[in-house]
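Q:
Protein chains: 4
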Amino acid sequence: MVAVSLNADLGESFGAWRMGDDAALLPLINSASLACGFHAGDPSIMVETVKLALAAGCSLGAHPGFPDLQGFGRRALRMSPREVEAIVAYQIGALAGTAALQGGRVTHVKPHGMLNTMASADADMAAAIANATRAVDRDMILVVLPSTELEKAGRAIGLRCAAEGYADRLYEADGTLASRTLPDAVHHDIATIREQALRMVLEREVIARGGVRLRLEVQTLCLHGDEPGAVESARLVREGLLKAGAELRTLPAMEFS
Amino acid sequence: MVAVSLNADLGESFGAWRMGDDAALLPLINSASLACGFHAGDPSIMVETVKLALAAGCSLGAHPGFPDLQGFGRRALRMSPREVEAIVAYQIGALAGTAALQGGRVTHVKPHGMLNTMASADADMAAAIANATRAVDRDMILVVLPSTELEKAGRAIGLRCAAEGYADRLYEADGTLASRTLPDAVHHDIATIREQALRMVLEREVIARGGVRLRLEVQTLCLHGDEPGAVESARLVREGLLKAGAELRTLPAMEFS
Amino acid sequence: MVAVSLNADLGESFGAWRMGDDAALLPLINSASLACGFHAGDPSIMVETVKLALAAGCSLGAHPGFPDLQGFGRRALRMSPREVEAIVAYQIGALAGTAALQGGRVTHVKPHGMLNTMASADADMAAAIANATRAVDRDMILVVLPSTELEKAGRAIGLRCAAEGYADRLYEADGTLASRTLPDAVHHDIATIREQALRMVLEREVIARGGVRLRLEVQTLCLHGDEPGAVESARLVREGLLKAGAELRTLPAMEFS
Amino acid sequence: MVAVSLNADLGESFGAWRMGDDAALLPLINSASLACGFHAGDPSIMVETVKLALAAGCSLGAHPGFPDLQGFGRRALRMSPREVEAIVAYQIGALAGTAALQGGRVTHVKPHGMLNTMASADADMAAAIANATRAVDRDMILVVLPSTELEKAGRAIGLRCAAEGYADRLYEADGTLASRTLPDAVHHDIATIREQALRMVLEREVIARGGVRLRLEVQTLCLHGDEPGAVESARLVREGLLKAGAELRTLPAMEFS
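Structure follows, in structure tokens:
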């Protein structure tokens, strides 16, 4: 039987500003990755989102990003590996602290935005993130884009790595995500998103740019809640997977090879 | 025999800016309270300070403050108890995360500056800080000014509380610290600082403003490193205490009633 | 004939986060008060909002606030008058800089949130804000709540002061705004908002809490765009005023006694 | 006769943290470039530094940087030209606002750190900085590294450009500054610094890495105050120039071709 963990990036509001519909998305997913105050989120938002996530039965993960609130962690910032190690350990710990207020535990780490993009290609940054993750908790699961430097770095130091697929992002033929600066990088059509999700989980492949069939093994799918129609498309993905007999689990309940 | 833990507030540099002479102060103290990035400190400074503190055999504590870098956490900021709970849990966790990079553990919490001042007098803020501390780790020691709301709140939920004395601060007759806005609030004379330290630890009293003799039980003394002459006066306090037969211990090695 | 300037607080988005519907509100108002990056807004948002405001024929004002992004400038922060003077001059200048990119000029200053609340009651903070405003440009118009310390301070140094009324806020019998922490502080009923606006402008009075009739002379009315129905109620206020024969002008086009 | 303007980057303290010895350096220089709160400085520091600079008879310039306080504006941050334009206009304006509190005027702009480095090589960023500078004031002088994209962009839109030389930095043979990450990038020997200063001003050349003689026309020399011995070496440079008959002027008093 096929199992997958549906995850989403949550808690990306800040202060008086709202982003995403966390309350609507949480019942549809299994694992929640929470912003930790650097690219989004603040301590109060984190406490509130942890509460909602635990109530929905989701496992908790840290979603650390660059210290760039205005840029939402999407702008490249040239930090040294030592600096990256420090900000990742800081953010995981900060989430663990706020989660403790609700009796929650952080069980996975998924780098955000440009930090994830850079760590996918840069072995030193990847090692920094993997080291920080293992230092905080060696049972932590590292969520990675498959076949990246980050996956390599995580496996090299013995972390369980969960390969992640995106139902609503266009893939390049080499297995990387198409850059968000390209016009067709994000699928907006609900049927396309559902179809890509099912194909990834059930057939272990994705149709990349130009129709290229790409082999892709994922343990977790990322759903989004911040676009119009996103919650609806998340619901369709979930229902499609359940109907096809897939089992939906939290990340710590997944099996890792 | 008399035991006391010498503590200091460290890691209060930020980015390219230095504050205090942590390396000089660390060999003189037993417990280090580290800024957590809100009023001072940043993830890299925290990692570096944890390293120095562990190398010096000091126990580690979080020194959480208001989110006010420009004001160094010394300006009153009206936050709700829920907000305070969140920022304290966040900061303790953040330090725990960076400490984990060096295999270190956070064993005490000491609120910084205006957060400490307000929590000394405001029962709701005190309860928020105590709750956050216990939620992260129920074995955590809470460092408090004696006979304050914070001490009450800590004891009420079963936390071990370490009463703290200041060798270089003037006390008011009611046992509170003289406000830093007053000209004589901080002792600069080394002999006065040494004398106040010894009197506190050995005789369990302090001479407050106007010569009033005040009963004061402290488990820990706070030394400073950010004034000229501070390291020298810390050394004198330490030597005076050792010569008088006092035992110097980390906070977790102290006995609490 | 009766003249009034309709103003609104705009540019309160930040980075990736949106707030308010500036584009919809701008055609309905005459004067735009823009957040300056401390409680909301960022340089890019400011440039974009200046552009929209100029295209709509609105005059530009600075809406300086406390340096508290997470708290949206609504939390009390204890700053000295010298600090307040500095942050107000800084923010007015910053807006003038970004406005210059579009050939725009800043012609009024309206303090935001808790800064305005505190300066209404505290003569030293009021003087600091008035001084900063005049130092940047002695022709600047200071928008004030009527009969406050800020109005006094502005008049005392010769600034033109525009008394501001709120169509959607409950007034206390003493002429102050009911605190936002009270449940009925903000009117949500469109008819009530329209009625209060017309009464203020045409009859120079407002019905305060408990039905008390209060004399109130205002040169400008503040409309909001960040609540559901806000744009619709702004439209009704505007149309009601025009139908009643009131003249709508930018702040610099108003006459001041 | 040879004229030159001695400039220094000042106001780089932040909140409770001090950097540089502005008071000692100011009597030695002619033009002060002030941090504007993004990489260093805060509104209160800016007011205080403007006051010192005006008292010393220096002209005032803005020293805008990347919004990266922790990294002191020395880390590359990938911003779009539109974003760069906005942050530069914002920072110039912010300094103009705080300068107005003392009756001061901003007469030059000198980008800081990595912003300057990137704008030296990237035509789009250079154009963004030049545009922002001219939009705020078309009489503003733009301080540039000679023969860079920034100089080209400034000249292209008609700004007066002051070519800047560094007495204490090693030059590469192509006229660029050696990267600060290299061990010999900064001269620490006072005699070397003095010699490089005199050679630049009097002979219009510099000895680059490997002994290469490089032609270099500069209108302004940058002195530093944040290293041990820096003030002493600034004094030597000043005295050497005066003894050799050079005239020291503020930037607006210089003649530009």
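Respectively, the protein sequence lines represent chains L, Z, F and X. Under the working numbering, the first residue of the first sequence is numbered -6, with each subsequent residue one higher. Under the working numbering, the first residue of the second sequence is numbered -6, with each subsequent residue one higher. Under the working numbering, the first residue of the third sequence is numbered -6, with each subsequent residue one higher. Under the working numbering, the first residue of the fourth sequence is numbered -6, with each subsequent residue one higher. Built from N, CA and C at the ideal position, the CB exists for glycine as well. On a predicted model such as this, the values are computed, not experimentally measured, just so you know.
Specify, as a first and last residue, the run of the alpha helix (DSSP H) that residue 81 of chain L falls within.
A: Here the alpha helix (DSSP H) through residue 81 of chain L covers 74 to 93.
Q: Could you check what DSSP says for residue 67 of chain L in three-state terms: helix, strand or coil?
A: In the structure shown, residue 67 of chain L sits in coil (DSSP, three-state: anything other than H, G, I, E or B).
Q: According to a CB-to-CB cut-off of less than 7 angstroms, which residues of the region 4 to 24 of chain F neighbour chain L?
A: Answer in chain order: 7, 8, 9, 10, 12.
Q: Is there contact here, the region 5 to 17 of chain Z with the region 61 to 68 of chain X, by at least three beta-carbon pairs under 8 angstroms?
A: Segments in contact, yes.
Q: Which residues in chain X have a C-beta closer than 9 angstroms to the C-beta of residue 1 of chain L? List them in chain order.
A: Going along chain X, no residue has its Cβ under 9 angstroms from residue 1 of chain L, so there is no contact; the nearest lies around 26 angstroms.
Q: Quick one, which residues of the region 162 to 190 of chain F are near chain Z if we go by CB-CB under 8 angstroms, in chain order?
A: Those would be none; no residue qualifies.
Q: DSSP puts residue 101 of chain Z in a beta bridge; with which residues?
A: Paired residues: Z:54, Z:134.
Q: So the beta strand (DSSP E) residue 157 of chain F belongs to, where does it begin and stop?
A: Run containing residue 157 of chain F: 153 to 159, per the beta strand (DSSP E) assignment.
Q: Given that a residue counts as buried once 16 or more other Cβ atoms are within 10 Å of its Cβ, and exposed if not, what is residue 221 of chain X?
A: It is exposed - the Cβ of residue 221 of chain X has fewer than 16 other Cβ atoms within 10 Å.
Q: May I ask you to report which of helix, strand or coil DSSP gives residue 129 of chain L?
A: It is helical.
Q: Could you work out which residue in L:105, L:71, L:95, L:70 is closest to residue 84 of chain L when comparing CA atoms only?
A: For residue 84 of chain L, the nearest C-alpha among the options comes from L:105.
Q: With which residues is residue 0 of chain Z paired in a DSSP beta bridge?
A: Residue 0 of chain Z pairs with Z:24, Z:215.
Q: Less than 8 angstroms between C-beta atoms, sequence neighbours within five positions excluded: which residues of the same chain meet that for residue 157 of chain Z?
A: Cβ neighbours of residue 157 of chain Z beyond the five flanking positions: 0, 103, 136, 137, 138, 139, 211, 212, 213, 214, 215.
Q: Measure the CB-CB distance between residue 52 of chain F and residue 91 of chain F and report whether it falls below 7 angstroms.
A: Taking 7 angstroms as the Cβ cut-off, residue 52 of chain F and residue 91 of chain F do not qualify as a contacting pair.
Q: Please tell me whether residue 91 of chain X has its Cβ less than 7 angstroms away from any Cβ of chain F.
A: Closer than 7 angstroms to some Cβ of chain F, the Cβ of residue 91 of chain X qualifies, so yes.
Q: According to DSSP, is residue 163 of chain Z part of a helix, a strand, or is it coil?
A: Of the three classes helix, strand and coil, the one that applies to residue 163 of chain Z here is coil, per DSSP.
Q: Between the C-alpha atoms of residue 209 of chain L and residue 167 of chain L, what's the straight-line distance to the nearest angstrom?
A: Looking at the two C-alpha atoms, the distance is approximately 11 angstroms.
Q: Can you name the residues of chain L whose CB is closer than 8 angstroms to the CB of residue 58 of chain F?
A: Residues of chain L passing the Cβ test: none, with the nearest at roughly 12 angstroms.
Q: Using beta carbons (cut-off 7 angstroms, strictly below), is residue 35 of chain X in contact with chain Z?
A: So yes, residue 35 of chain X belongs to the interface.
Q: Does the separation of the CB atoms of residue 186 of chain L and residue 160 of chain L fall below 7 angstroms?
A: A contact, by the Cβ cut-off of 7 angstroms.
Q: Are the C-beta of residue 65 of chain F and some C-beta of chain L separated by less than 7 angstroms?
A: So, interface residue.
Q: Grouping DSSP H, G and I as helix and E and B as strand, with all else coil, what is residue 230 of chain F?
A: DSSP places residue 230 of chain F in helix when its eight states are reduced to three.
Q: Using the C-alpha atoms, what's the distance from residue 94 of chain L back to residue 49 of chain L?
A: Looking at the two C-alpha atoms, the distance is approximately 17 angstroms.
Q: So that I know if they touch, is there some Cβ in chain F lying closer than 7 angstroms to that of residue 69 of chain Z?
A: Output row for residue 69 of chain Z: interface = yes.
Q: So the alpha helix (DSSP H) residue 41 of chain X belongs to, where does it begin and stop?
A: Unbroken alpha helix (DSSP H) run through residue 41 of chain X: 36 to 48.
Q: Which class does residue 186 of chain X belong to by DSSP, given the choice of helix, strand or coil?
A: Here residue 186 of chain X sits in helix by DSSP.
Q: Is there a Cβ of chain X sitting closer than 7 angstroms to that of residue 134 of chain F, yes or no?
A: Not closer than 7 angstroms to any Cβ of chain X, the Cβ of residue 134 of chain F fails to qualify, so no.
Q: How far does the beta strand (DSSP E) with residue 198 of chain X in it extend, from its first residue to its last?
A: That run of the beta strand (DSSP E) goes 198 to 200.
Q: So is residue 86 of chain F in contact with chain X if we call contact Cβ pairs under 7 angstroms?
A: So yes, residue 86 of chain F belongs to the interface.
Q: Count the other CB atoms within 10 Å of the CB of residue 181 of chain Z; is the residue buried (16 or more) or exposed (fewer)?
A: Counting Cβ neighbours within 10 Å, residue 181 of chain Z comes out exposed, since fewer than 16 surround it.
Q: Can you give me the Cβ contacts of residue 172 of chain X inside the same chain, cut-off strictly under 7 angstroms, excluding the 5 residues immediately before and after it?
A: These residues qualify, in order along the chain: 178.
Q: I want to verify the contact list: residues of chain Z whose CB lies under 9 angstroms from the CB of residue 72 of chain F, in sequence order.
A: Within chain Z, the residues near residue 72 of chain F are 64, 68.
Q: Buried or exposed for residue 113 of chain L, please, with buried defined as at least 16 other CB atoms from any protein chain shown within 10 angstroms of its CB.
A: Flag for residue 113 of chain L reads buried.
Q: Just the C-alpha distance for residue 33 of chain Z and residue 3 of chain Z, rounded to the nearest angstrom, thanks.
A: Their Cα atoms are separated by approximately 10 angstroms.
Q: On a CA-only basis, which of L:38, L:81, L:110, L:227 is nearest residue 183 of chain L? Give me that one, please.
A: It is L:227 whose Cα lies nearest to the Cα of residue 183 of chain L.
Q: Interface residues of chain Z around residue 80 of chain L at Cβ under 7 angstroms?
A: Ordered by position in chain Z, the residues that pass the 7 angstroms Cβ test against residue 80 of chain L are 36.
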